[in-house]
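**Student:**
Residue numbers (the numbering used here), protein chains in the order written: chain E, 27 to 199; chain D, 46 to 550.
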C-alpha cells in the first residue's frame, strides 16, 4: 500500500504568518487604546478580526497539512508562473538577502555620506555582488550613474538632497 | 450617447496641450522597451515613473501613463515570441504559439501579427469605451456610499480570488493593505499606529510604498537570475517580413474582434486585467476553431488572439478606474495613485465633472495606436536587443532611480525608507504567495472604504434595515460579493463530498 507523503510544515512561512498576525494584534491594540469608540473601530475591528482568523486558518493548514483542492484558477496561475519563470535560473537566497541588505544600508547611509557617494558605492557593490567582474565597466557605470543622478537631483529636485561633494563641485563650476 | 459638448472641449484640451502630445511618443517607447525586458512588468515601469508625473498636468500625466501601458502591451510580446519567455503574465498566451513560430524561423511574421493585433485591439477597445462612457457616467451617478463600499470590497475579493495561488493568503494581503491604509490620523481625529513618527500622521506615504511593493520587491527577486540566451535566440529582424505578418493579421478579423470584446468587457472587472484577458481570449479562440489541435504549435491565430486580448484590456480597466475609482490590477493601481498625486479622486463625480479629460484620454489613445504601429516597426530591432541587457546592470540602476523618485516625492528620507521597508515586505509576500497587487489595492482603497462605511452608517441611521431594503443595486452587489467569496470553498466542499462518496452505477 502506498503511504501518504508525510507533511512537513514550512517554518519560514509560519514565521511570516506569525509576524503578520503580530502586526494585526498590535495595530488593533493601539487603535483601541487610542479610542475605544464604535466609529474608530468600525472598519479596522472587523477587518483585523477576519484577517487574524484567516491567518490562524492558514497556520493550521500549514501545521497539520490539509492541502486544499487546487482550483482551475490556481492551476492556471501555476501554469502562468512556471511559464514565466521556465527559462530563468532562480537567484540564490544569499544573493537576494545581500542585495536587500545593501539597498537598506544605501538608503540609511544617504543622510550621512551623501546621495552622490552612497549611489557610487551602492551601484559598484551591487554590480560586484551580481557578478560583474570587469573593474573598468564596474567603476565607469557606478561613476556615470552617480554623476548623472546627482546632477539630476541638484537641478530638478526642489528639496535639497544630502550630498558629499556634488553640490560643492556644481556650485564651483 | 456621446456628450458632444465634452467632446468639443476635449478636442480643445488636446489642441492646446502640446506637452501631452510630446509625452505620448516617449511614453510608448518606454513602455515597449521596458516591457521587452523579461521580468519587467508595466506596473514596475509605471511605479518608477510615477514620481515624475508630479511635475505634469493631470491630463499629461494620464496620457503619459496610458502611453506606457499601451507600449508595454506590445513590448511584453517580444521576449514571449523570440525567446519563449513572457515578459510578464500579460504575454503568457502569446508565447504558446509565438515561440513555436520562432522555432520554425517565422519570428518576424509572428512579431508582425502581434503588432497588428495589439494595435487593432487597443484602438477597437477604446472605440467601445468612446461610445460607452456616456452611458457609464450616467449609471455610476446612481451609486451611493453603500454601493461604492460593496463595489470596493467586491473588487478586492475578486483580485484576491483571481490573482493568487491561495485565496486565503491573498485575502489576508488585501485586508492587511486596508489596515495599513488606516494608519495615521483617522477621519474621526484619532491617531492610530504611527509608532510616534510625526511623518506617519498623514498616513503611510502610498506612492513610495507602492514603488517598494511593485518595483523593489521584483528587482530583489530578479537578483541572481540570468535568462539563458542561446545562440538560437540571436535572431535577425526583417521589416519586410514583419509587414507581411501585419497584413496576415488582417485576414482574421473575427479573432481580433473576439479578443478586443473580451479585453474591453472582462478587462473592466477588478482583478481581471491583461494577465487574465490574454489567456481567456486565447482559450476562446482555440475552443471555437475547426482545428484546435493546431494551437500551441505555431498557429498565427493564437498570437493574434492573445495579443488583441492583452492590448484591449487597457481600455476596460481604464473605464473601471475612471468611473468607479477602483483599480483593475497592478498597472491601474499605479495610475490611481497618479490621480491622487494630483488631488483627484476618480469615481462617479470625477467622470461627471471631468468628462472632457476622459474624452481627451480616449482620443489620444486612438492616436497612440497609430504611433505604436510606427514606433513598433522602427524600434523592433532595438527591442530585440534590449532583451539581452544583463539583469545585473538593470537592478542597481532601477533601484537607484526608485530611491531618487521617492525622495523627490516626499522631500525627505521618509519616502526612500518607506520604499525599502515595503520592498522587503513585498518580497516576503511574494516568497510565500501572498498577493502583492491585492495588498496594494487594499492600501489604495482602505481610506475610501472607511469613509464610505462611516457615511453609510450615518445615512442608514445606524444600520436601519429599511435603508438597505430600498437599495436593490446594493443587494445585487452584496450577492456578487458573497458569491466570489464563497463559491470556491463551496465548490471544493462539493467536489470532496462527491469524491468521498462511493460511486453509484
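The C-beta atom is built at its ideal place from N, Cα and C for all residues, glycine as well.
Using the Cα positions of residue 114(D) and residue 87(D), report the straight-line distance between them to the nearest angstrom.
**Tutor:** 6 Å
**Student:** For residue 185(E), which residues in chain D fall below 9 Å Cβ to Cβ?
**Tutor:** 452, 453, 455, 456 and 457
**Student:** Can you name, in chain order, every residue of its own chain whose Cβ lies under 6 Å from the Cβ of residue 115(E), other than the five neighbours on each side?
**Tutor:** For residue 115(E), the predicted structure reports a pLDDT of 44, less than 50, and the residue's modelled location is therefore unreliable. A value from the coordinates is still provided. Excluding residues within five positions, none has a Cβ falling inside 6 Å.
**Student:** CA-CA distance, residue 264(D) and residue 183(D)?
**Tutor:** 42 Å
**Student:** Going by the beta-carbon positions, is the gap between residue 391(D) and residue 414(D) smaller than 9 Å?
**Tutor:** At least 9 Å separates the beta-carbon of residue 391(D) from that of residue 414(D).
**Student:** Mind checking who residue 230(D) pairs with in its DSSP beta bridge?
**Tutor:** 236(D)
**Student:** Grab me the residues of residue 403(D)'s own chain with a C-beta within less than 7 Å of its C-beta, minus the 5 sequence neighbours each way, in chain order.
**Tutor:** Sequence-distant Cβ neighbours of residue 403(D) in its own chain, meaning closer than 7 Å and more than five residues away, are 178, 367 and 396.
**Student:** Looking at C-alpha atoms only, which residue of 185(E), 71(E), 140(E) and 150(E) is the closest neighbour of residue 439(D)?
**Tutor:** 150(E)
**Student:** Name the two residues that bound the continuous alpha helix (DSSP H) containing residue 259(D).
**Tutor:** Looking at the DSSP string, residue 259(D) is not in any alpha helix (DSSP H), and its letter there is neither H nor E.
**Student:** Report yes if the CB atom of residue 491(D) is closer than 9 Å to the CB atom of residue 80(D), and no otherwise.
**Tutor:** no
**Student:** Are the beta-carbon atoms belonging to residue 96(D) and residue 252(D) less than 9 Å from one another?
**Tutor:** yes
**Student:** Taking buried to mean at least 16 other C-beta atoms within 10 Å of its own C-beta, is residue 77(D) buried or exposed?
**Tutor:** buried
**Student:** Could you tell me whether the Cβ atoms of residue 179(E) and residue 141(E) are closer together than 9 Å?
**Tutor:** yes
**Student:** Taking 9 Å as the CB-CB limit, is residue 495(D) close to chain E?
**Tutor:** yes
**Student:** Please list the partners that residue 224(E) has in chain D, where partner means a Cβ-to-Cβ separation under 8 Å.
**Tutor:** Given a span of 27 to 199 for chain E in the structure shown, any question on residue 224(E) remains unanswerable.
**Student:** Are the CB atoms of residue 330(D) and residue 349(D) within a distance shorter than 9 Å?
**Tutor:** yes
**Student:** Whole angstroms are fine: how far does the CA of residue 353(D) sit from the CA of residue 122(D)?
**Tutor:** 11 Å
**Student:** Would you mind telling me which residues of chain A sit closer than 7 Å to residue 268(D), beta carbon to beta carbon, in chain order?
**Tutor:** No chain A appears in the structure shown, which is made up of the protein chains E and D.
**Student:** Rounded to the nearest angstrom, what separates residue 112(D) and residue 351(D) at their Cα positions?
**Tutor:** Using only the alpha carbons, I get a separation of about 20 Å.
**Student:** DSSP on residue 47(E), reduced to helix/strand/coil?
**Tutor:** helix
**Student:** Classify residue 118(E): buried if its beta carbon has 16 or more other beta carbons within 10 angstroms, exposed otherwise.
**Tutor:** When all chains shown are included, residue 118(E) counts as exposed.
**Student:** Cβ closer than 8 Å: which chain D residues qualify as neighbours of residue 90(E)?
**Tutor:** Simply none; closest approach about 15 Å.
**Student:** Taking 9 Å as the threshold (beta carbon to beta carbon), is residue 445(D) in contact with chain E?
**Tutor:** yes
**Student:** Note down, in chain order, each residue of its chain lying with its Cβ closer than 6 Å to the Cβ of residue 454(D), except the 5 sequence neighbours on either side.
**Tutor:** Result list for residue 454(D): 96, 252 and 460, in chain order.
**Student:** Which whole-angstrom value is the C-beta distance of residue 130(D) and residue 83(D), which I expect to be below 8 Å?
**Tutor:** 5 Å
**Student:** What residues in the stretch 494 to 519 of chain D have a beta carbon less than 7 Å from any beta carbon of chain E?
**Tutor:** 494, 495, 498, 499 and 502
**Student:** Run the CB neighbour count on residue 138(E), radius 10 Å, all protein chains shown included, and call it buried at 16 or more, exposed below.
**Tutor:** exposed
**Student:** For residue 169(D) and residue 319(D), what's the separation of their Cα atoms in angstroms?
**Tutor:** CA-CA distance, residue 169(D) to residue 319(D), rounds to 15 Å.
**Student:** Give the range of the alpha helix (DSSP H) segment to which residue 325(D) is assigned.
**Tutor:** First-last of the alpha helix (DSSP H) with residue 325(D): 318 to 333.
**Student:** Measure from the C-beta of residue 468(D) to each C-beta in chain E and report whether the shortest distance is under 9 Å.
**Tutor:** yes
**Student:** By Cβ distance below 7 Å, which residues in the same chain neighbour residue 42(E) in space, the five residues on each side in sequence not counted?
**Tutor:** Cβ within range, chain order: n/a, list empty.
**Student:** Within 9 Å (strictly less), CB to CB, does residue 198(E) reach chain D?
**Tutor:** no
**Student:** To the nearest angstrom, how far is the alpha carbon of residue 185(D) from that of residue 199(D)?
**Tutor:** 16 Å
**Student:** Please go through the same chain and pick out, in chain order, the residues whose beta-carbon is closer than 8 Å to the beta-carbon of residue 197(D), but skip the five residues on each side of it.
**Tutor:** 371, 490, 493, 494 and 497
**Student:** Can you list, in chain order, the residues of its chain with a C-beta nearer than 6 Å to that of residue 256(D)? Leave out the 5 residues immediately preceding and following it.
**Tutor:** For residue 256(D), where only same-chain residues beyond five positions count, the Cβ hits under 6 Å are 92, 447, 451 and 464.
**Student:** Show which residues of chain E have a CB atom less than 7 Å away from the CB atom of residue 231(D).
**Tutor:** 66
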